[in-house]
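Chains as they are written, first to last, in our numbering: chain A, 7 to 476; chain B, 134 to 301; chain C, 2 to 642.
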Amino acid sequence: MNFTDIHTLMPEIVMAVLALAVLLSELVIRRKETVGLLAIVSVAVTAYFIPTSFGTVFNGMFISDGYSVFFKFIFFTCLILTVLISSRYLEIERSSHGEYYALLMFATLGMMLMASAGDLIVLYLGLELMALSLYVLTGFIRHEYRSNEASLKYFLLGAFSSAILLYGIMMIYAQTGTTDINTISSVLTEKKATVSLLLSVIFLLVAFSFKIALAPFHMWTPDVYEGAPTSITAFMSVGPKAAGFAVLGRVFLVGLYPLQINWIPLLIGLSILTMAVGNILAIQQRSVKRMLAYSSIAHAGYAVIGIIAGGNEGVSAMMNYLLIYMFMNIGAFSILILMRSEDFLGESLDDFKGLAKTHPLTAGLMLLFMFSLTGIPPTAGFIGKFYLFKAAVGAGYTWLAIVTVIFSAISAYFYLRVVIYMYMHEPEGEAVSLSGSPSLGLALLISALLVLFIGIYPSPFISFARIVTG
Amino acid sequence: MLEFFFGYLSLVIIIFSLLVVLSKNAIHSVLYMLVMFFHVAGIYLLLQAEFLAAVQIIVYAGAILVLFLFAIMLLNLREELSAEQLTDGWPASLAVVAGLLLTLMLSLGGFTTTFNGSWSPEKIKEITFTKALGQALYTGYILPFEVASIILLVAIVGAIVLAKRRLN
Amino acid sequence: MNYYLLIPFLPLAAFLINILLGRKLFRHQAHWPSTLAVLGSLVVSVLVLIDVLNGQTLNRDLYSWIISGKFRVSVGFLIDQLTAVMLIVVTSVSFLVHVYSIGYMHDDPGYYRFYSYLSLFTFSMLMLVMSNNFLQLYFGWEAVGLCSYLLIGFWYQKKSASDAGKKAFIVNRFGDFGFGLGVILIFLTLGTLHYSPVFETIGTLSEKTVSIFGLEMNIITIIALLLFCGAVGKSAQLPLHVWLPDAMEGPTPVSALIHAATMVTAGVFLVARANPIFSLSPTAMSVVAVVGGLTALFAATIALVQNDIKRVIAYSTVSQLGYMFLACGVGAYGAGIFHLYTHAYFKALLFLCAGSVMHAMGGELDCQKMGGLRKYMPVTYWTMLIASLSISGIPGLAGFFSKDEILFRAYAAGGVGKFVWLLGTIAALLTAFYSFRLIFLTFHGEFRGTEEQKHHLHESPKAMTIPLLLLAIGAVGAGWVGIPPLLGGGEHFAEYIAPVVGHPAGEATHAEEWMTMGLSVLVGLAGILTAWIFYLRKREIPVRLAEKFQPIYRVLWNKYYFDELYDFIIVRPSLFVARNIIMGFTDGAIIEGIVNGVPAFIGWLGSHVRKVQSGLLQHYATFMALGLFLLIAIVMIVTGV
């Protein structure tokens, strides 16, 4: 690499430097909200370097293209929304420490590296950077047993999945002699699909499935999502998941593309199993937070369809789905955060009883997010699902689209149950007191507006995703 | 001759690794691990990777294991010492290990021994391993190298965040 | 011409303002946003009409919601001669009804709700007529149906009102189902839903037939008939007319706006808009003509004997809509739209007059209990008289020109046209009769109500009478744009609308034209005269007639027993099925089985899965490894190693 190519890496460099700056700023800045604000400013500064970053450096190890930029856009938005919903929440949880924001930024840096990784080594390191930050963030409420346990579980299982990933990378390297994704692809086109190759594909598939929580590698998700601070759950279910999809797409649709016929059936099986497990177990949950954890599993099952369908159409549908999912999911989690107050958990379904009477606006927003998660037009959720189905049908998987529709009909049961509790039940006991803050309100506003806007006027987003993948 | 050394080193590594896992006494485990690390360094030497061998001994055997020992001795592990095994899930663990082993066996046939990188054994021999490693790490692999350093930083920050006493 | 966007979106904005802020902010001032918005729409509509008259038309997509391959869902606008007429009709009547409602609804507790629904309706109706594709048309179609349902059941505390709302909704489902199928069929055969490509390529289907129940049918005919299904439901034609008379349970301004002037004419608009499709199918055209003709006559006969003034006018509406379909069916779409346009004014006027009467009579609707109101409410009387003269086809008034045009075109078309011309002419006789029966019973003779009612008789407030006067101008003059050449006019309307709907086929001599015109005037006068004799001179005649022809009278009084028939063949069987089979069997055994069984199953599953989801780390790791090996095993088995 020449120094003149530095612009390609600029966003990552800036992000790393600013993350360090935010980490140190805690020494001088007393107000934690200011640190959060600094994090948001850092994202804006980083984003400024994105448009000039296109290019490939380090012999293809690091790729900044439309695909990665789209994902980085998701990560940035996710980070900003998470910071917005965090500040007041952390005070309620009595865990307001400045490192929180720096760790979020390091996690985002890891995700950016994952999205841009052209080499399995960079991919692995990006993934570890992200995962390590998340382990800490999951356990961030130190005095709470739930949070500690979640963190430890996540760490150990994450280490296990990392081992599987390394195993897979090792096997790929041993058979192709390279870790460069593009080179792997060209080597594989000349090779026959041997058993040993397929085994290495499976190892990679399992490791990525763990990251995006595809069943049966999803088991950590409900426990970790429930135990983690709600703001981190919102973050984890969106950003890192999208990063997982980014690498899944890059590795499978570029590197392992020659073996497509072999891995597609496996991915289809995982996708259907994931939808089944996510949706059916979500029905069982009485805790809305845990329900959203299972829902997040199910949504990963939907989004995988984009990779199964492949091509410009499928990948752009998957990317759009993740973008849309970010807004509706962070929106729903924001409502949970809004419900949480010092002595009130606000996670149970019963806590939502009669919310429409006591807090009509909050209930209305929750209704919007639930509708969107179900996929009812004109919300964004419908658009996301529509294009996924269309990609599936276009690639010849009509039956898979039908299966997905059925599962998404099942999902209506538990999403709309929240709506029924809010609108058709009488409030019980004392009215829920909301712990709102301007920044939380802003996050809700952004999420709700985008859920509606993408639902009503999707074409800019659709064509954006098409262009960057095309 | 090489084959003999390789066989010896591998055998010891396997045996001591098993002992590390199976031993009931954590301090014994650490000491077994020490032996194992030395033999791993031996493997590196066989591959003419003298720098790695040295680092292996200094960092792993010297620093990490000592930390392990400190940690174990600071904790009170008397209860664990009297337990029958460390975990009760050993059959499952055994199955997992067996499965992984089988998988590896199955894929060995597909492994290639050709290189398409820029560092052939002859070239490494010519300019010495340490120099070659340095060149690779600080040119082509500078990005992963730097990312690794950030990971370590995050690990430190994370450990402190999780471990420090609550301020308020 | 970009300001055309204001036309639908002003009412939408008013709707949002009223529904969100109305209850708190406006209360009794809720009419301001809505009325001003629709006034704005009216002004812009006039500008658009001027543009169209200058030859500027427009067809473009505003934005696309979903584009995927050939399937494109977009919001787009088509503004041509037909749209411009509809815009004027909708916005002008809507504006007057908004003003009228200020007086009529003034102390209703749901005032803001009423105005927000009105605005929503106006928006939906405008989107419907301005659409440039079938899907948006369909959405508008359903949206106006929804508003109609909301407004019929506006006084939902009243059981008859909410029942009528439900009835309208359900009956319309039948028609809309067909319409929906038609739209789907268009997409399947032509691959697009935008008007212009559909109309350009529909001809390519003329050879295609499909076999339905062994019957070879042309695909265009099927499409046309399915679309017509929707029109029959929405425009209350035989046999789906039953909902409209019941819809009179809604507030009277709603009846005037939705159930006379605008929404119910959407069916006619649809047929006229889709004229390139209909024109290619003689079968469908004949069906349209005959259904229209029969409905015109059929509804008129029912109106003869009803006493509820709003219902008489409702049946009159059904009958007049029949005329419009009759015209479309013989290819005279222009005449149909012309009648739609004149009818909007005189029929809205009739309804608003009826509302004014109700206002004075304290909600009384039975015209047998009225009489002699002329001297108490002169404005209402005179305006209603004008409207009745207009609908009876008295020369010089709006209704004359349009009805005459229709009858002449039907006659000239020959074939089925001659038959429906006959139906139409008889219906014209009956129309004049029942219209004046209403006038005479209500405004002439002695007052037959209670003393208390008599004490309260008064003319309505200005907010109500001014719209009456304005509409009366329309009822008189609206037809002057379409005076036939025979009477020295330029037939401007037909020429104006021709770019969209073409010229009607069929030739006739001047003598024949004089004949049809003379005959329709004659029967109109005869109807009025008969009504005069029956209800003012010799009041015993109708009573004696009713006694003598008891069975016929009964049939008419009971509206041909349509409600009873539907009750018997549709409602009761469905209820039976619902109660005994669905509730008893399906619900008991299947649904409850599923509802209780699935959770039970999931509970059972859950209890096992929960064991898996134990919270124990080793288990999770083991399951991950198991999953890994399972995948490996599957691949090994499949690849056969």
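All residues carry an ideal CB built from backbone N, CA and C; glycine is no exception.
Beta-carbon contacts of residue i that lie in its chain and below 8 Å, excluding the five residues immediately before and after
| i | result |
| --- | --- |
| A401/A | I314, A315, G316, G317, E319 and G320 |
| S207/C | N219, I221 and L281 |
| L178/B | A186 |
| F171/B | I190 and A194 |
| T587/C | Only weak support is given to the placement of T587/C: the predicted model assigns it a pLDDT of 49, under 50, and the value that follows is read from those uncertain coordinates. Nothing listed; no residue qualifies. |
Cβ-based burial, residue i [other Cβ within 10 Å; buried from 16]
| i | result |
| --- | --- |
| S575/C | exposed |
| T245/B | exposed |
| M430/A | exposed |
| S243/A | buried |
| T195/A | exposed |
| Q181/A | buried |
| P379/C | exposed |
| H365/A | buried |
| D349/A | exposed |
| I633/C | buried |
| F72/C | exposed |
| L439/C | buried |
| K78/A | buried |
| Q307/C | buried |
| S443/A | buried |
| M372/A | buried |
| Y488/A | As displayed, chain A neither begins before 7 nor continues past 476, which places residue 488/A out of reach and without an answer. |
| P277/B | buried |
| F624/C | buried |
Start-to-end residues for the alpha helix (DSSP H) that takes in residue i
| i | result |
| --- | --- |
| M218/C | From DSSP, M218/C is part of no alpha helix (DSSP H) but of the beta strand (DSSP E) over L216 to N219. |
| V524/C | H511 to W533 |
| S92/A | G72 to I98 |
| G1/C | What is shown of chain C runs 2 to 642, which leaves residue 1/C out entirely. |
| T466/C | K463 to G478 |
| S240/B | W223 to L241 |
| T190/C | K160 to L191 |
| G628/C | L618 to T640 |
| V257/A | Where V257/A is concerned, there is no enclosing alpha helix (DSSP H), given that its DSSP letter is neither H nor E. |
| T263/B | F262 to Y271 |
| I18/C | L7 to L22 |
Run of the beta strand (DSSP E) containing residue i, from where it starts to where it stops
| i | result |
| --- | --- |
| S162/B | Unbroken run through S162/B is the alpha helix (DSSP H), A159 to L179; no beta strand (DSSP E). |
| S293/A | Careful: S293/A lies outside any beta strand (DSSP E) and carries neither H nor E. |
Other residues of its chain near residue i: CB distance less than 6 Å, five sequence neighbours each side excluded
| i | result |
| --- | --- |
| Q444/C | Note that residue 444/C is Phe in the sequence shown, not Gln. Counting only Cβ-Cβ distances below 6 Å, and skipping sequence neighbours, we find L374, R375 and Y382. |
| I190/B | A174 |
| F60/A | S70 |
| F115/C | M106 |
Spatial neighbours of residue i in its chain, beta-carbon cut-off 7 Å, leaving aside the 5 residues before and after
| i | result |
| --- | --- |
| F139/B | L179 |
Quiz prompt | Residue ranges of each alpha helix (DSSP H) within the segment 81-105 of chain C, 4 or longer | solution = 82-105
Quiz item: Curious, which full-length alpha helix (DSSP H) runs of at least 4 residues does the segment 341-413 of chain A contain?
Solution: 361-364, 366-380 and 386-400
Quiz prompt | Contact list for the segment 256-273 of chain B against chain A, Cβ threshold 8 Å | solution = G273
Quiz prompt | Any alpha helix (DSSP H) of 4 or more consecutive residues that is wholly inside the segment 248-290 of chain C | solution = 253-257, 267-274 and 276-280
Practice problem: Pull out every residue of the segment 73-90 of chain A whose Cβ sits closer than 8 Å to any Cβ of chain B, in chain order. | Solution: none
Quiz item: What are the residues of the segment 9-22 of chain A that lie near chain B, defined by any Cβ-Cβ distance shorter than 7 Å?
Solution: A22
Quiz item: Taking Cβ-Cβ distances below 9 Å as the criterion, which residues of the segment 151-174 of chain A are in contact with chain C?
Solution: E155, L158, K159, L162, L163, F166, S167 and I170
Practice problem: With 7 Å as the limit, tell me which residues of the segment 224-235 of chain B have their beta carbon closer than that to any beta carbon of chain C; keep them in chain order. | Solution: A225, V229 and G232
Exercise. For the segment 18-73 of chain A, list the beta strand (DSSP E) runs that are entirely contained and at least 3 residues long, ordered along the chain.
Key: 61-63 and 68-70
Quiz item: Which residue spans inside the segment 146-172 of chain A form an unbroken beta strand (DSSP E) run of at least 3?
Solution: none
Quiz item: What alpha helix (DSSP H) runs, 4 residues minimum, are completely inside the segment 340-407 of chain C?
Solution: 379-393
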